[in-house]
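I have placed the structure first, in the form of structure tokens, so that the comments after it can refer back to it.
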Amino acid sequence: MSVGLVVHLDIKPERFDEFVDIVTRHGAFSRDHEPGCLSFSVMKPDEGEGKLILVETYEDEDALQSHWDSDHMQAYRKRTDGMIINRARYKATVL
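Per this note's numbering, the very first residue in the sequence shown carries number 339; after that it's consecutive.
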């Protein structure tokens, strides 16, 4: 079964635009270069400054683990270190 991931992020206001640039590139790279990544969307809620929602779908648990272990994920973590104020992550089975 496919695995979904929804991530709610609060980003430091002074780093928001920079973070958006990094995370949208990261999402596009994941979609284009990870065979198990079915979708990766970056959304900005209509309400609430500095907030983003990531919605990701992977073929299975192995594909999600490959994403988390990938070199570009490690680079993303390093580049965004200190930009995120709060993160809530929800993993779910896609029905």
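Just so it is clear, CB atoms sit at the ideal spot from N, CA and C, and this is done for glycine as well.
{"Query": "If you drop the 5 nearest sequence neighbours on each side, which residues of the same chain put their C-beta closer than 8 Å to that of T431?", "Result": "M339, S340, V341 and G342"}
{"Query": "May I have the straight-line CA-CA distance separating V345 from F357, to the nearest angstrom?", "Result": "14 Å"}
{"Query": "Run through the region 380-428 for me and flag every whole alpha helix (DSSP H) of 4 or more residues, listed as ranges in chain order.", "Result": "399-407 and 409-418"}
{"Query": "Taking only the alpha-carbon atoms, compute the straight-line gap between I360 and D409 and give it to the nearest angstrom.", "Result": "15 Å"}
{"Query": "Taking the beta strand (DSSP E) that V341 falls in, what are its first and last residues?", "Result": "V341 to I349"}
{"Query": "Near N424, which residues of its chain fall below 7 Å by C-beta distance, leaving aside the five closest residues on each side in sequence?", "Result": "D348"}
{"Query": "Could you check which residue in L376, I391, G386 and P383 has the C-alpha nearest to that of A426?", "Result": "I391"}
{"Query": "Do you know offhand how far P373's Cα is from K382's?", "Result": "26 Å"}
{"Query": "Ignore the nearest five residues each way along the sequence and tell me which others in I422's own chain have a CB closer than 8 Å to its CB.", "Result": "L347, D348, I349, K350 and F357"}
{"Query": "Give every residue of the same chain whose Cβ lies closer than 6 Å to the Cβ of Y428, excluding the five residues on either side of it in the sequence, and list them in chain order.", "Result": "V344"}
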